[in-house]
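See structure below.
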Amino acid sequence: GIAGIGDIKRMGRIGVKTVIWFELITTLILFIGLAIANIVKPGKGVDLTNLPQADLSTIASNTSKVLDGKTLLLNIIPT
247 GIAGIGDIKR MGRIGVKTVI WFELITTLIL FIGLAIANIV KPGKGVDLTN LPQADLSTIA
307 SNTSKVLDGK TLLLNIIPT
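Structure representation (structure tokens):
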């Protein structure tokens, strides 16, 4: 359908309208989701006292490493 338009200005207008509609609908759905979450309050009243306690020292030792740029890029690529 886009290839058959022919006029670049018309295609630009359609593109701008598409982006505007996408942003408007996404924002509307975001507000609807936030409203429903505030009304329903999922997770309210859940007892979290029986959850196991995590050992934060092992998490901190794994996340506190400072990587240089080369090491960071090489770690992104899986072995």
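Heads up: take any position in the sequence shown, counting from 1, add 246, and you land on my numbering.
The C-beta atom is built at its ideal place from N, Cα and C for all residues, glycine as well.
This structure is a prediction, so every number in the text was calculated from the model and none was measured.
The three-state secondary structure of Gly291, taken from DSSP, is coil.
Taking 8 angstroms as the cut-off, the Cβ atoms of Ile266 and Met257 do not count as close. Annotation: Val286 to Ile254 spans about 48 angstroms, alpha carbon to alpha carbon. Following the DSSP letters along the chain, one finds Asn284 inside the alpha helix (DSSP H) bounded by residues Ile254 to Val286.
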